[in-house]
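Structural data, given as structure tokens:
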């Protein structure tokens, strides 16, 4: 019998343990429960190192989300440098991190209520399904087995709203890509450094430019993107698919001369 390895991630301990126990009663399901995003990352990392990866991740949509916090702001690192991850990792970020690091894992988000906007965010992050927490065990088992067949699962009542959200997100991405395309190659390098969180001095050192020149480039970037802050520029860049400058070798050096 082929067994399905499931990791339940929910910071409500009673719910996580109850769901894990219910799923474990199935003869073909092995279940592990984790009470937080960092704990889940450690489980995934350890299982991968031991050659026994999980098949399905069940993630609480509200994992690690405090009142007023916007889900998906941080990006989860599944294999953190120097050991296990610490701190708070919310549900949507966990989905994105796992999808990037372990694309074979199927991910189902468990939610207290139907929310088209957040369901769309989860799908964009790489989730394979969005399921209500109050669904029956048989329904959840059907979803688990379905996503392993590469099916995507959403409640019928969510479909219209999710499609509307995804269409709007696609339009925003297209608009953002058009604005980024208006930048010069040097301005795009500066934008990548901004996405990486580098300040003006660090950007100057990275690109072999003077701080004054970097300030001018940053002002030009904000103007062309039509935003008024670095944070807004970074958010727009992310929507356009612009990644961070990860190392000095990622940036094209212009002979060490000032631009």
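In the numbering used here, the protein residues as written are 2 to 260.
Cβ atoms here follow ideal geometry from the backbone N, Cα and C, with glycine treated the same way.
Check, Outcome
"Residue 107 by DSSP, collapsed to three states: which one?", "strand"
"So if DSSP puts residue 154 in a beta bridge, which residue, or which two residues, is it bridged to?", "130"
"Roughly how many angstroms separate the alpha carbons of residue 46 and residue 214, rounded to a whole number?", "43 Å"
"Using DSSP bridges, identify the partner residues of residue 34.", "9"
"Go through its chain and collect everything with a Cβ distance to residue 239's Cβ below 8 Å, but skip five positions before and after it.", "196"
"Report all residues from its chain with a CB closer than 6 Å to the CB of residue 57; omit the five preceding and five following residues, and keep chain order.", "7, 107, 145"
"If we call anything under 8 Å between Cβ atoms a contact, is residue 60 one with residue 95?", "yes"
"Check for me: the beta strand (DSSP E) holding residue 59 runs from which residue to which?", "57-61"
"Determine whether the beta carbon atoms of residue 40 and residue 32 lie at a separation below 8 Å.", "no"
"Among 124, 114, 115, 119, which has the Cα closest to the Cα of residue 100?", "124"
"Going by CA-CA distance only, name the one from 117, 194, 228, 139 that's closest to residue 167.", "117"
"For residue 242, does the count of other Cβ atoms within 10 angstroms reach 16, so buried, or fall short, so exposed?", "exposed"
"Pull up the CB-CB distance for residue 35 and residue 10, whole angstroms please, since I reckon it's below 8 Å.", "5 Å"
"From residue 165 to residue 109, what does the alpha carbon distance come to, in whole angstroms?", "21 Å"
"Where does residue 112 sit, in a helix, a strand or coil, going by DSSP?", "strand"
"Closest by CA to residue 245, which one among 198, 232, 111, 219?", "198"
"Helix, strand or coil, according to DSSP, for residue 180 in the structure here?", "helix"
"Report the residue from 155, 12, 148 whose alpha carbon sits nearest the alpha carbon of residue 65.", "12"
"DSSP three-state label for residue 185, please.", "coil"
"What are the boundary residues of the alpha helix (DSSP H) that residue 237 is part of?", "231-240"
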